[in-house]
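Novice:
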Amino acid sequence: MNINRKYKVALLSSLMSTPFVANAICTMETYIRPNPAIHVGTSDPVSIYGLQFQPAGTTLATSYISAAQMAATHGLSPEQVLFRCAAADATRIFEGYYMFRAYYSNLTPAQNINGIPYWPISVVYANNTYTATSGVDYEFFLGNGISATTAFPNQPNWSKRIGYDVDPANPNFILVKAKHFSGVTNHQIRSKVPITANGFDATIPNESRAFVFFKGPGINDTMVSNGGNGAPHTPGSFFNIGQNAASTTAVNSCTVERNTSNVNLGSHAGNSLPSTPVNFSVTVKCDTGAANIRYGFAPGMENINQNITDVLLLDPNIGSTAKGVAIEILDANTNRVPLLSLSANGGQISNNNNWKPLPIPPSGTSTSTVDVNFSARIVKHGSEEITPGIVRSKATFMLNQN
1 MNINRKYKVA LLSSLMSTPF VANAICTMET YIRPNPAIHV GTSDPVSIYG
51 LQFQPAGTTL ATSYISAAQM AATHGLSPEQ VLFRCAAADA TRIFEGYYMF
101 RAYYSNLTPA QNINGIPYWP ISVVYANNTY TATSGVDYEF FLGNGISATT
151 AFPNQPNWSK RIGYDVDPAN PNFILVKAKH FSGVTNHQIR SKVPITANGF
201 DATIPNESRA FVFFKGPGIN DTMVSNGGNG APHTPGSFFN IGQNAASTTA
251 VNSCTVERNT SNVNLGSHAG NSLPSTPVNF SVTVKCDTGA ANIRYGFAPG
301 MENINQNITD VLLLDPNIGS TAKGVAIEIL DANTNRVPLL SLSANGGQIS
351 NNNNWKPLPI PPSGTSTSTV DVNFSARIVK HGSEEITPGI VRSKATFMLN
401 QN
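Here UniProt numbering is used: the first residue of the sequence shown is 1, the next is one more, and so on.
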């Protein structure tokens, strides 16, 4: 009898300890279908300007898709249980992410900015040739935001622990639900590639480019950190990630190639004003076909504070001492050029401002050079008596396209 009692106690102890065994295999409670893919990114048309207007690295679009939206794409609720693991393995479950290296464009970043790799966008044609989409590079980020620590590498990364809920039916288990994934941010930037309207591939395709996956005991636990050539090992354990399809448009533009930085207006007696105009010019280089290009002169804070746009007020911060005078800018036909009206609080300059059309040849070579001629002179201004002194001011020549 004593032997039987000891045997029963030992058996009971063995049965009770089974649920507490660590390194149990996680189970997949819901199969994540490979399609539809999770698409993130702008669907609006993207305008691509020359690098002189959009330097490489300029943000074109930023978009985020949440875990709830990812789940909804597959017809799942955020509370849908995807994986069930032993509670003892809570520190061994991760959310992984990486770029799909089967795309040649995911082998080498096109740009690296502040430790973040940005990948070229390529279009795959029927003959399996690849052509880069002109003007756009991109990156995915785990979660909402842009950071070097969450940027998708082209090798699997599973450094982020994934959240979970305790199984209400058995606290010895934990449940990873759709809501516990982080979502994905897509950041599109201007590439280093010069563009023109000719020979421009104008499509951002919506192919799957990356993966977000679950990793835990028994699920993707054979993956290695240099295994980015294929999908995660366990079917049904990952989301395919791609960009939304969008069109891009190459916009022909202009840039300032040369300007007269200093214009010497000479010395004049107060009773001889206005002074004789002194010529100066600005050379603008434009892509052939550039349209709706306009120019304007942005004045300094003296004009902005007084909301004066007909003449340049003198700037004492750069040495002006004269009183009762200002500087007038004239165009090639000796008509006064009104200055841009700017806000003291800054912000975008409205298209409905004192912009003037820039004459651009309608055809010719790939680029055209336009010399825009002006002159400037000293004029009487206001009711203040003229006091001799130094006459200095400044203005910024600006281009606008709309």
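Think of the CB as a built atom: it goes at the ideal place given N, C-alpha and C, for glycine as much as any other residue. Source: prediction; values computed, not measured.
Cβ atoms of PHE397 and VAL256: under 8 Å apart, would you say?
Specialist: Against a cut-off of 8 Å, the Cβ pair of PHE397 and VAL256 comes out as a contact.
Novice: Put GLN401 into one of helix, strand or coil per three-state DSSP.
Specialist: Three-state result, GLN401: strand.
Novice: Please report the residue range of the beta strand (DSSP E) in which ALA72 lies.
Specialist: Premise fails: ALA72 lies in the alpha helix (DSSP H), 67-73, not in any beta strand (DSSP E).
Novice: Could you spell out the range, first to last residue, of the beta strand (DSSP E) harbouring GLU29?
Specialist: Where GLU29 is concerned, there is no enclosing beta strand (DSSP E), given that its DSSP letter is neither H nor E.
Novice: Can you name the residues that DSSP bridges to THR108?
Specialist: Answer is none; THR108 lacks a bridge partner.
Novice: So, using beta-carbon positions, are GLY242 and CYS85 closer together than 8 Å?
Specialist: No.
Novice: Secondary structure at residue 409, three-state DSSP: helix, strand or coil?
Specialist: Not covered by the structure: residue 409. The range shown for the chain is 1 to 402.
Novice: Return the Cβ separation of VAL391 and ILE327 in integer angstroms, given the expectation that the two are a contact with Cβ distance under 8 Å.
Specialist: So it is a contact: roughly 7 Å between Cβ atoms.
Novice: Take GLY57 and list the residues in its own chain whose beta-carbon comes closer than 6 Å to its own, dropping the five residues that flank it on each side.
Specialist: ILE113, ILE189.
Novice: Please give me, in chain order, every unbroken run of the alpha helix (DSSP H) with length at least 4 that falls completely inside the stretch 182-254.
Specialist: The stretch 182-254 contains no whole alpha helix (DSSP H) run of 4 or more residues.
Novice: THR62 bridges to which residues according to DSSP?
Specialist: According to DSSP, THR62 bridges with HIS187.
Novice: Can you check DSSP and say which residues form a bridge with PRO357?
Specialist: ARG294.
Novice: Determine the burial state of ARG161: buried for a count of at least 16 other Cβ atoms within 10 Å of its Cβ, exposed for fewer.
Specialist: Answer is exposed; the Cβ neighbour count stays below 16.
Novice: How many Å lie between VAL184 and TYR64 at the Cα?
Specialist: Straight-line Cα distance between these residues: approximately 6 Å.
Novice: Given residue 467, which residues of its chain have a CB within under 6 Å of its CB, disregarding the five upstream and five downstream residues?
Specialist: Nothing can be reported for residue 467: it is not among the residues displayed for the chain, which extend from 1 to 402.
Novice: Using DSSP's beta-bridge definition, name the partner residues of PHE100.
Specialist: According to DSSP, which records beta bridges pairwise, PHE100 is partnered with nothing at all.
Novice: For THR369, which of PRO388, ASP287, ASN333 has the nearest alpha-carbon?
Specialist: Checking every option, the nearest Cα to that of THR369 belongs to ASP287.
Novice: For ALA110 and VAL212, I'd like the C-alpha separation in whole angstroms.
Specialist: Approximately 22 Å between the Cα atoms of the pair.
Novice: Could you give the C-beta distance for LYS380 and GLY324, rounded to a whole number, given that I count them as a contact under 8 Å?
Specialist: Correct: roughly 6 Å between the Cβ atoms.
Novice: Say whether chain B places a C-beta atom closer than 8 Å to the C-beta of HIS381.
Specialist: Note that chain B does not occur in the displayed structure, where there is just one protein chain.
Novice: Buried or exposed for PRO194, going by 16 or more other Cβ atoms inside 10 Å?
Specialist: Exposed, because fewer than 16 other Cβ atoms sit within 10 Å of the Cβ of PRO194.
Novice: Check whether the Cβ atoms of ALA37 and SER208 sit closer than 8 Å, and answer yes or no.
Specialist: Cβ atoms of ALA37 and SER208: closer than 8 Å.
Novice: Quick one: is GLY96 buried, meaning 16 or more other Cβ sit within 10 Å of its Cβ, or exposed?
Specialist: Buried.
Novice: Excluding the five sequence neighbours on either side, which residues of its own chain have a C-beta within less than 6 Å of the C-beta of THR150, listed in chain order?
Specialist: Result list for THR150: PHE141, LEU142, GLY143, in chain order.
Novice: Is DSSP giving GLY135 helix, strand or coil here?
Specialist: Three-state result, GLY135: strand.
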